[in-house]
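Count along the sequence shown starting at 1, add 76, and that's the number in our numbering.
The beta carbon of each residue, even a glycine, is placed where N, CA and C say it ideally should be.
Note that the structure is predicted; figures quoted are calculated from it, not measured.
Take a look at the structure set out below.
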Amino acid sequence: MTENRRWTGRNAVVTGGLGFIGSNLAIRLHELGARVTVVDPCVPGCGGKASNLAHLAGEVRIFPVGIEQTENYPEILDRADVVFNLAGEISHSASMRDPVRDLEINTLAQLKFIRALAAVRPGIRVVYASTRQVCGRPVALPAQEDHPVNPTDFNGIHKRAAEQYHLLHFRLGLLDSIVLRLTNTYGPRLALDVPGQGFLTVFFNRALSGEPIEVFGDGTQLRDPLYVADAVDA
């Protein structure tokens, strides 16, 4: 009951809200009584699908624009109480094939967004969804918040830069920024058609098609899957 009261009537903006985690978050916020605005142009390869929120048509505001399109910010953000920033390129392998595209989506667009956000809604709480990939190979388990940063691909490097943009705005008193480093997340609306997200989509696709699941190495590797509902409720 306390959780319901906390969100009732609040204005929540979810960038990347037609994607896997973003759509699950938007649905949960709507269930809790928030007024939800979604910002997502459904960029090919980024996992956004209009069908993820089709059942909430008319109940959730949806702006099919990119976060770098600053001319839309006054209308989108003027009443916002909190922003959940989940916009971005999700494929690690795609970042290696086209690092400039990944830079534009995960770094430059993020900088434009938070600069405009700080101008339109100074001091607002913004939760940025980063990735555990910024840490690279773990040097100790379980990984802590002070784990050394050593990203192993362009996606991790660019997400790390976006983390720092958010945290700098926090230190300057411009935004109330929080950064989350999400691990291998799975659950409803996972974009199985987008390659390069990690081993879970590979395993799920093979299982659904009746193919054997191949494990490389000696099978002792450890991963920490995170169910999307747990990530959203946290």
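query: Nearest-angstrom Cα separation, counted from glycine 85 out to threonine 78; result: Residue placement at threonine 78 is poorly supported in this model, since its pLDDT is 49, which falls under 50; the coordinates still yield a value, given next. In a straight line, the C-alpha of threonine 78 is about 14 Å away from that of glycine 85.
query: Cutoff 8 Å; reference serine 127; Cβ partners in own chain excluding five residues on either side; result: none
query: Cβ-Cβ distance between valine 159 and isoleucine 200 below 9 Å; result: yes
query: Sheet register partners of aspartate 309 (DSSP bridge); result: In DSSP, aspartate 309 forms no bridge with anything.
query: Reduced DSSP secondary structure (H/G/I, E/B, other) of threonine 78; result: Residue confidence for threonine 78 is low, a pLDDT of 49 falling below 50, so the modelled location carries little weight and cannot support an answer.
query: Check: arginine 236 C-beta below 8 Å from any heavy atom of the ligand NAP; result: The ligand NAP is not part of this structure, which contains no ligands at all.
query: Cα-Cα separation, valine 112 to alanine 88; result: 5 Å
query: Cβ-Cβ distance between glycine 134 and valine 114 below 9 Å; result: no
query: 9 Å Cβ cutoff met for glycine 212 and asparagine 231; result: no
query: Inter-stretch contact (C-beta, 8 Å, three-pair minimum) for the region 167-184 and the region 100-108; result: no
query: Exposure label - isoleucine 181; buried when at least 16 CB within 10 Å; result: buried
query: Neighbour-count burial assignment, aspartate 294, 16 or more Cβ in a 10 Å radius; result: exposed
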